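Numbering (our numbering), first residue to last: 75 to 238.
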């Protein structure tokens, strides 16, 4: 576990913090405004499975958001599934990554029931609450705090538990 954690921290050093902050902001904006989805997608278009799993997670998020813009039901569903599967790949590769769990929670909370992608909401909520105080990046912590404040999935007691 210590070896994995050390490698994960080293990998994040090679990813400039401002790039992650830019992706986090672009993700939030795209989630709130469909006209910004294509801009967000362009930021992660060249990301592959071999890249940092957080980048893979944001590419997955871009695909799930892009599904809303597709013209046919078939293409909406296939684009969403591509994003979902990519996100699950990233989480399976680094299951203790708070940012990936945060991304998945946001997607699951905002996904239509018909897509049947809501089965990890409680798990991810509990994971975020448990690891909230250990989040080193203040930028990430601010994004998670902002999300929790507006989320319907968190109870008042859960919001209070992290002093919102």
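Positions of the beta carbon are idealized from the N, C-alpha and C atoms, including for glycine.
Keep in mind that this is a model prediction, so the values were computed, not measured.
CB-CB length for residue i against residue j, believed under 8 Å
i, j, result
"residue 121", "residue 140", "With a Cβ gap of about 14 Å, residue 121 and residue 140 do not count as contacting."
"residue 228", "residue 199", "7 Å"
"residue 161", "residue 177", "7 Å"
"residue 128", "residue 189", "Wrong, their Cβ atoms sit about 23 Å apart, outside the cutoff."
"residue 108", "residue 151", "Contact doesn't hold; Cβ gap of about 18 Å is too wide."
Residue i in three-state terms, based on DSSP
i, result
"residue 236", "coil"
"residue 228", "coil"
"residue 146", "coil"
"residue 116", "helix"
"residue 130", "helix"
"residue 191", "coil"
"residue 171", "coil"
"residue 209", "coil"
"residue 102", "helix"
"residue 199", "helix"
"residue 156", "helix"
"residue 93", "helix"
"residue 108", "helix"
"residue 123", "coil"
"residue 219", "helix"
Local Cβ density within 10 Å of residue i, reported as buried at 16 or more and exposed below that
i, result
"residue 231", "exposed"
"residue 171", "buried"
"residue 111", "buried"
"residue 113", "exposed"
"residue 165", "buried"
"residue 147", "exposed"
Proximity winner among the options, relative to residue i (alpha-carbon distances)
i, options, result
"residue 167", "229, 200, 124 and 203", "124"
"residue 119", "108, 136, 107 and 127", "136"
"residue 99", "233, 216, 223 and 209", "216"
"residue 130", "102, 97 and 106", "97"
"residue 105", "185, 208, 126 and 211", "185"
"residue 126", "101, 93, 155 and 209", "93"
"residue 249", "169, 208, 219 and 209", "This structure does not reach residue 249, given that the chain is present from 75 up to 238, and the question cannot be answered."
Contact under 8 Å by Cβ, residue i with residue j
i, j, result
"residue 221", "residue 180", "yes"
"residue 204", "residue 195", "no"
"residue 153", "residue 144", "yes"
"residue 95", "residue 193", "no"
"residue 191", "residue 236", "no"
"residue 223", "residue 233", "yes"
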